[in-house]
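A.B. asks: Supplied in structure tokens, the structure appears directly below.
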């Protein structure tokens, strides 16, 4: 059983460009969360998707957007890249058993984004 | 605002000894707390969690203690092994009934096990 997978592994972009990161959740999971982890810091919550809708959002600008597909996979899009967007982007999946989910989140290995 | 902080950024422990990693949280409304372990080049790995209606929870070689009075969380690792070397994060959910929907992570503590 594959865990959470993310693609690509590494990515280099220049300022002003746009990027799309992809995540496939663990089998049986229906909820996907995205986090940004700067070097030497803890992950920062970006947003969570459930039933193809954004359920919660952290303190990130509208340049950060996402999508969840019917197969529960998800994309994170970042527009107008800034140098400060350089970070490890983590995807985590879990399953929601009605209402709020207190189930374990499984993290993928992340996508390392470098903005030059 | 919401913030989760750690008392010590680094901790070195002799192999076989017990280790304690501490975490202070500021949002008294949080009702769910989790400890994660992150090894170099990998995503965080769930260790143990605890709900606010509990003070203590035990797993295999790990124990989490929650003191809601002083808003303090700790992770105890018994009989540490070289494989325990990693960065440890605590996380809180920021409010009742939020579940895991919007976790706030601390900055982490690097645990080094000395052989």
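Protein chains in written order, with my numbering: chain U, 1 to 116; chain Z, 1001 to 1115. We put the beta carbon where it would ideally sit given N, CA and C, even for glycine.
#1: Within 8 Å (strictly less), CB to CB, does residue 73 (chain U) reach chain Z?
#2: Which whole runs of the beta strand (DSSP E) in the stretch 8–62 of chain U are 3 residues long or more, in chain order?
#3: Quick check: residue 112 (chain U) and residue 75 (chain U), are their CB atoms within less than 8 Å of each other?
#4: Write down the C-beta distance between residue 87 (chain U) and residue 17 (chain U) rounded to the nearest angstrom, noting that I regard them as a contact closer than 8 Å.
#5: For the stretch 1013–1035 of chain Z, list every residue whose C-beta sits within 7 Å of some C-beta in chain U, in sequence order.
#6: Using the beta-carbon of each residue, which ones in chain U are nearer than 9 Å to residue 1053 (chain Z)?
#7: Name the chain U residues that come within less than 7 Å of residue 1103 (chain Z), Cβ to Cβ?
#8: At the 8 Å Cβ level, is residue 1042 (chain Z) part of the contact set with chain U, yes or no?
#9: Considering only DSSP beta bridges, list what residue 1093 (chain Z) is partnered with.
#10: How many angstroms separate the CA atom of residue 1085 (chain Z) from the CA atom of residue 13 (chain U)?
#11: In chain Z, which residues lie less than 8 Å from residue 94 (chain U) when you measure between Cβ atoms?
#12: If you run the structure through DSSP and keep just helix, strand and coil, what is residue 83 (chain U)?
#13: Secondary structure at residue 1084 (chain Z), three-state DSSP: helix, strand or coil?
#14: Run through chain U and tell me which residues come within less than 9 Å of residue 1083 (chain Z), C-beta to C-beta.
#15: Could you check how far apart the C-beta atoms of residue 1109 (chain Z) and residue 1013 (chain Z) are, in whole angstroms? I think they sit under 8 Å.
#16: Looking at C-beta atoms only, is the number of pairs between the stretch 1–10 of chain U and the stretch 25–40 of chain U that lie closer than 8 Å three or more?
#17: Mapping DSSP to helix, strand and coil, what is residue 1049 (chain Z)?
#18: Assuming residue 77 (chain U) and residue 20 (chain U) are in contact, meaning their beta carbons sit under 8 Å apart, how far apart are those beta carbons, in whole angstroms?
#19: Suppose the cutoff is 6 Å on Cβ atoms and the five residues either side in sequence are ignored; what does the same chain contact list for residue 33 (chain U) look like?
#20: Do the stretch 1081–1100 of chain Z and the stretch 1024–1042 of chain Z meet, that is, are 3 or more Cβ pairs less than 8 Å apart?
#21: In terms of DSSP beta bridges, what is residue 112 (chain U) paired with?
C.D. replies: On the basis of the supplied data:
#1: The sequence position of residue 73 (chain U) within the first chain is 73, counting from 1. Closer than 8 Å: no.
#2: 10–13, 19–24, 31–37, 44–50, 53–57
#3: For the purposes of this step, residue 112 (chain U) is identified with residue 112 of the first chain, where counting begins at 1. For the purposes of this step, residue 75 (chain U) is identified with residue 75 of the first chain, where counting begins at 1. Against a cut-off of 8 Å, the Cβ pair of residue 75 (chain U) and residue 112 (chain U) comes out as no contact.
#4: For the purposes of this step, residue 87 (chain U) is taken as residue 87 along the first chain, with counting starting at 1. For the purposes of this step, residue 17 (chain U) is taken as residue 17 along the first chain, with counting starting at 1. Not really, about 15 Å apart at Cβ, beyond 8 Å.
#5: 1032
#6: Position 53 of the second chain holds residue 1053 (chain Z). Within chain U, no residue comes near residue 1053 (chain Z); the closest Cβ sits about 12 Å away, beyond 9 Å.
#7: Sequence index remark: in the second chain, residue 1103 (chain Z) carries index 103 (1-based). The contacting residues are 45.
#8: Here residue 1042 (chain Z) is taken as the residue at index 42 of the second chain, counted from 1. Interface residue, yes.
#9: As a first step, residue 1093 (chain Z) is located in the second chain; it is residue number 93 there, counting from the start. According to DSSP, residue 1093 (chain Z) bridges with nothing at all.
#10: Here the question's residue 1085 (chain Z) lines up with position 85 in the second chain. Here the question's residue 13 (chain U) lines up with position 13 in the first chain. Roughly 33 Å separates the two Cα atoms.
#11: For the purposes of this step, residue 94 (chain U) is taken as residue 94 along the first chain, with counting starting at 1. Under the 8 Å cutoff, chain Z gives 1100.
#12: The count along the first chain starts at 1 and reaches residue 83 (chain U) at position 83. Residue 83 (chain U): helix per DSSP, three-state reduction.
#13: By one-based count along the second chain, residue 1084 (chain Z) stands at place 84. Reduced to three states, the DSSP call for residue 1084 (chain Z) is helix.
#14: Counting from 1 along the second chain, the entry for residue 1083 (chain Z) is found at position 83. What residue 1083 (chain Z) touches in chain U: nothing, since even the nearest Cβ is about 18 Å away.
#15: Residue 1109 (chain Z) sits at position 109 when you count from the first residue of the second chain. Residue 1013 (chain Z) sits at position 13 when you count from the first residue of the second chain. The Cβ separation is near 11 Å, so there is no contact.
#16: yes
#17: For the purposes of this step, residue 1049 (chain Z) is identified with residue 49 of the second chain, where counting begins at 1. Residue state, collapsed to three classes: strand.
#18: Walking along the first chain from the start, residue 77 (chain U) turns up at place 77. Walking along the first chain from the start, residue 20 (chain U) turns up at place 20. 5 Å between Cβ atoms; contact.
#19: Along the first chain, read from residue 1 onward, the residue named residue 33 (chain U) stands at position 33. So the list reads 48, 92, once near-sequence residues are dropped.
#20: yes
#21: Looking up residue 112 (chain U) in the first chain gives position 112. Answer is U:10, U:88.
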